[in-house]
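Here the sequence shown is numbered in the working numbering, starting from 1 and rising by one per residue. From the three backbone atoms N, C-alpha and C, an ideal C-beta is built for every residue, glycine too. Step one of this worksheet: look at the structure below.
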Amino acid sequence: MIVADSSLFFGFDDYGSDCDGIRITAFLDLANQDEMTPLSRLEKYAASDNVFNRQIVARGLLDVLRAFSDDEKDFLAVMETVVRLSEDTEPTVRAELMEQVPHIAMFLQENRPSFPTAFSKYLVPIVVRYLTDPNNQVRKTSQAALLVLLEQELIDSTDVETKVCPILLDLTAPDGDDDYKIEAVAIICKMASMLSGEITERLLLLRFCELCSDGKLFHVRKVCATNFGDICNSVGQEATENHMIPRFFQLCSDSVWGIRKACAECFMSVSCSVSPEIRRTKLSPLFINLISDPSRWVRQAAFQSLGPFISTFANPSSAGLYIKEDGTLSIRQPEFGQIIFCLSVTRAPSASSSSLTFLLLLTPPTTVPSSTASHLNLHGDHVSDLSTGTISVSSDPETMAFTAAKSSYLSSNRASGLSLGSTNAADIFNSFVYWRTPLPDINFDLELHHAAVEDRRDQTIYSRAGTRSEGFTTSSDLERVLESLQAHLDDPDVQGRLGILAEELDVIPQPLLDQYLSMTDPSRAQTVDTEITKHCAYSLPGVALTLGRQNWHCLKNTYEMLASDVQWKVRRTLAFSIHELAAILGDQLTAADLVPIFNGFLKDLDEVRIGVLKHLYDFLKLLPVDKRREYLFQLQEFMVMDNSRNWRFRYELAEQLILLLELYSPNDVCDYLRHIALTLCSDKVAEVRWISFKLVVEILRKFYATSANSLALNFMNELTVRFCHCPKWIGRQAFAFICQAIVEEECVPVDQFIEHLLPSLLSLSTDPVPNVRVLLAKALRHTLLEKAYFTGVENAHVEAVEETVLILQSDRDRDVRFFSSTEIRNNPLNTTSSFIN
């Protein structure tokens with residue numbers, strides 16, 4: 001313990017070092033024997049030889065400033081004392097002072113009209129000076145204080161530019177101290193997200209780029225690599241591409257594996273800050289290098305970032321999806337007026353029959369980019385330059401004539417300057433337009449040519465839409481096209497590459513997709529990461545969104561492999577995100593490909609089933625009505641668990657059942673959901689019972705909202721028999737709670753409640769268990785009698801309720817009397833939790 005000055009009888013001298021957590025400012029109020037003023041006493045203790053006294057002064061500065069804030073002269077004198085205290089030779093005093101600076105800054109901000117320049121004049125120089133303090137604790141404290149001040153926007157931009165940034169630039173100079181440089185570059189990186197992009201680019205960007213190439217300290221380069229994405233996001237796309245990307249290439253090829261690993265971890269943030277062209281042409285090959293890095297740790301980080309990096313290639317508009325303002329993913333519905341090219345490939349049972357059809361969607365008029373209509377893979381073959389019109393190739397002559405007629409009509413409309421958006425829908429689809437011979441002034445010449453490619457897998461056929469000519473395409477021309485295509489379709493190599501590859505659709509670079517698909521390879525678990533399949537499963541919805549539902553077949557096999565993975569954590573990850581994937585794929589693909597996997601998850605471990613259960617409503621609402629009804633039979637299976645003590649599983653089931661009520665008819669609710677709800681109302685855990693009472697209320701609301709009054713009546717009678725007449729007191733207590741919830745939510749007409757539930761409820765006044773009577777007292781006194789119906793003077797039912805309340809007020813149990821009294825609302829102990837448990 002530090003001994004205080006013997007001349008000090010009051011104030012700090014009576015406190016030892018074990019009182020560090022106490023803020024003491026009583027010396028301002030005590031009448032000192034020397035009759036010193038509070039300000040003089042403050043200055044005396046601030047200059048005391050006792051270190052502990054000076055620490056206490058620093059700790060109590062905020063209260064001191066509040067005490068002197070009414071007098072400007074005294075306030076400025078206190079600030080001068082703060083400046084002198086900041087020059088204290090004892091590091092603990094300086095560190096204590098710096099800890100108080102953010103609090104003092106907040107106070108000065110609140111009183112800015114009275115002291116507009118106090119913070120900038122007195123405190124900012126102290127913070128900046130402490131950044132170069134020789135004591136490590138003081139420097140760390142000042143760095144933390146500076147970041148807090150910037151985050152709370154307590155330092156104006158002028159002080160940042162003229163006071164903070166210059167000292168940081170000095171500390172990060174090439175000839176600067178190594179320790180200071182490492183700390184300063186960390187501050188610069190953290191400041192970037194708090195400052196405007198203009199300030200960061202003008203004052204700090206060039207120095208940051210220099211630090212990325214610091215050949216002396218790899219610690220500096222690692223800090224730069226770790227925070228590279230934040231700097232890119234701050235300075236914007238142009239500065240990132242001009243200044244940052246070259247440095248990023250250097251860091252990705254650094255000799256220290258930790259720096260390359262940091263680059264892999266921030267790759268997604270960097271990718272979000274560049275143009276699609278740079279992302280594809282430069283970052284994509286760079287990322288492939290990281291995936292094949294000699295260091296296992298770098299490869300591990302790269303594979304973990306692969307899915308997020310692929311997601312930066314996403315174009316939700318072309319995938320038929322968009323993000324709402326609330327962040328949810330929604331399907332973009334086609335509208336009338338625009339042509340979108342989509343390829344449908346159908347293989348008939350016979351190997352000699354194939355149907356290759358271009359589908360026509362009518363959405364708002366827009367120009368379809370040639371890149372979108374190009375590079376389509378027909379069972380491994382290419383069809384390119386489909387920049388105009390709609391082409392159908394089919395073995396059925398009637399289908400060919402039908403589609404050719406539509407193509408001719410659309411082309412003639414464009415030739416005459418007409419827009420689909422201005423054409424009547426009945427005119428487009430009338431029989432004359434569909435079945436007449438195509439107009440002879442517009443046609444499509446199909447030109448086929450073969451090209452040899454280095455990869456044996458890619459035997460390509462190019463179909464190019466030619467210019468208008470005087471002739472027009474006949475069915476025989478299209479038949480010749482089909483015959484030419486058939487030879488390639490029968491090739492075994494082509495048959496092994498069914499579907500449209502992402503590279504040919506120009507969505508993402510094919511090497512990235514190949515690497516992602518290889519994450520399920522068992523060898524990856526040994527050479528990269530034992531949990532690599534979990535990372536693959538985690539990012540799969542983002543990759544699926546990027547590719548779009550039309551390319552789901554690229555991921556289908558991978559998804560099925562992940563769904564059958566031996567690690568339950570992988571299956572659990574898929575279970576938690578299957579509803580998001582269903583929203584991306586749409587109802588048809590969901591029913592065909594996801595429903596079987598969903599059914600498998602329903603029979604899995606509880607750790608996997610909870611993921612399905614938590615989003616059960618979100619998934620089922622995307623299914624057709626007939627498919628949705630099939631799951632009514634399986635809901636009861638959620639009541640069977642591996643561990644009966646896992647009550648949160650049943651709680652989640654009750655929550656989901658509340659949401660599922662809107663998806664099913666009253667009869668389905670009565671036949672399937674009602675039994676589950678009644679079982680949950682008798683659960684051993686109070687939390688499960690409470691949420692189940694809400695489920696019962698919503699079921700009754702559903703019945704009456706759909707005019708299923710007979711079902712509601714039967715359900716209320718069942719509640720009475722099952723709970724009000726239950727031999728166990730907890731069941732009778734549940735009945736009182738359900739009745740209270742019904743009245744509060746007003747889900748049942750009052751006359752129905754009075755006729756079918758109120759008599760049974762009032763009969764609980766003679767229940768032998770006090771906890772039941774407690775719930776009854778609260779339900780009557782503070783729920784029923786608060787409703788307008790029961791406040792009428794001439795209401796015959798009010799008298800019965802009030803008589804029951806009077807009986808409860810004279811109950812032998814003190815708690816029953818307490819909850820039935822009129823003073824309960826003013827009592828802070830107005831709770832029934834202890835009686836319900």
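(message) Buried or exposed for E183, going by 16 or more other Cβ atoms inside 10 Å?
(response) buried
(request) Using 10 angstroms around the beta-carbon of V230, count the other beta-carbons present and answer buried if the total reaches 16, otherwise exposed. (result) The question names Val, but residue 230 in the sequence shown is Asp. Buried.
(message) By the DSSP assignment, the alpha helix (DSSP H) with S114 in it spans what residues?
(response) Neither: S114 is in no alpha helix (DSSP H) and is coded neither H nor E.
(request) Find out if the Cβ-Cβ distance for the pair V78, V64 is shorter than 8 Å. (result) yes
(message) On the criterion of 16 or more Cβ atoms from any shown chain inside 10 Å, does F633 qualify as buried, or is it exposed?
(response) exposed
(message) Does the region 107-119 come into contact with the region 139-147, if we say contact requires no fewer than three beta-carbon pairs (one atom in each stretch) closer than 8 Å?
(response) no
(request) For Q524, I'd like the list of residues in its chain whose CB is within less than 7 Å of its CB, leaving aside the five on either flank, ordered along the chain. (result) A quick correction: the sequence has Arg, not Gln, at residue 524. The residues are S518, I532.
(request) Determine the DSSP secondary structure at C266, reduced to helix, strand or coil. (result) coil
(request) Determine the contact status of A847 and W552, defining contact as a CB-CB distance below 8 Å. (result) Here the chain comprises residues numbered 1 to 837, so residue 847 is not present and cannot be evaluated.
(request) Could you have a look at F693 and say whether DSSP puts it in helix, strand or coil? (result) helix
(request) Return the chain-ordered list of same chain residues with a C-beta closer than 7 Å to the C-beta of F303, the five sequence neighbours on each side being excluded. (result) I291, M519, V528, D529, I532, H535
(request) Mind listing, in chain order, the continuous alpha helix (DSSP H) runs of no fewer than 4 residues lying wholly within the region 163-201? (result) 165-171, 178-192
(request) Starting from the C-beta of E151, find all residues in its chain whose C-beta is less than 7 Å away, skip the five residues before and the five after it, and write them out in chain order. (result) M194
(request) Would you identify the three-state DSSP class for S284, choosing helix, strand or coil? (result) helix
(request) May I ask which residues mark the beginning and end of the alpha helix (DSSP H) holding M79? (result) 72-86
(message) At the level of alpha carbons, what is the spacing between S644 and D565?
(response) 26 Å
(message) Quick check on DSSP: helix, strand or coil for N377?
(response) A caution first: N377 carries a pLDDT of 38, below 50, which makes its placement in the model too unreliable to give a value.
(request) Report buried or exposed for T81, applying the criterion of at least 16 other Cβ atoms within 10 angstroms of its Cβ. (result) buried
(request) Take the Cβ of S820 as the centre, count every other Cβ of all protein chains shown within 10 Å, and call the residue buried at 16 or more, exposed below. (result) buried
(message) Short of 7 Å in beta carbon distance, which residues of its chain neighbour V772, apart from the five on each side in sequence? Order them along the chain.
(response) W729, R732, Q733, A736, L764
(request) Within its chain, find whatever has a CB closer than 8 Å to the CB of I738; leave out the 5 residues flanking it on each side and keep chain order. (result) C681, F693, V696, V697, L719, F723
(message) Restricting to Cα atoms, I'd like to know which of I691, L512, N667, V750 is closest to F715.
(response) N667
(request) Give a yes or no on whether the C-beta atoms belonging to A575 and V608 are separated by under 8 Å. (result) yes
(message) By alpha-carbon positions, which one of L76, S142, L131, K140 ends up nearest to T117?
(response) L76
(request) Report yes if the CB atom of A239 is closer than 8 Å to the CB atom of L205, and no otherwise. (result) yes
(request) Would you mind sorting N53 into buried or exposed? The rule is 16 or more other CB atoms within 10 Å of its CB. (result) buried
(request) Could you work out which residue in P624, Q588, M639, V625 is closest to L602 when comparing CA atoms only? (result) M639
(message) Measuring CB atoms only, is the region 292-299 touching the region 233-251, in the sense that at least three cross pairs come out at less than 8 Å?
(response) no
(message) Assuming L780 and V801 are in contact, meaning their beta carbons sit under 8 Å apart, how far apart are those beta carbons, in whole angstroms?
(response) 6 Å
(message) Quick check: the Cα distance between P166 and N227, rounded to an integer number of angstroms?
(response) 21 Å
(message) Do C209 and H243 count as a contact pair if the criterion is CB distance below 8 Å?
(response) yes
(message) DSSP three-state label for D529, please.
(response) coil
(message) I believe A741 touches V688 by the beta-carbon criterion, under 8 Å. Please report the beta-carbon distance rounded to the nearest angstrom.
(response) Contact doesn't hold; Cβ gap of about 15 Å is too wide.
(request) Pull up the distance between the alpha-carbon of E136 and that of W257, whole angstroms please. (result) A quick correction: the sequence has Asn, not Glu, at residue 136. Roughly 29 Å between the two C-alpha positions.
(request) Output the distance between the C-alpha atoms of F818 and F649, rounded to the nearest integer angstrom. (result) 36 Å
(message) Quick check on L605: buried or exposed, where buried means 16 or more other Cβ atoms within 10 Å of its Cβ?
(response) exposed
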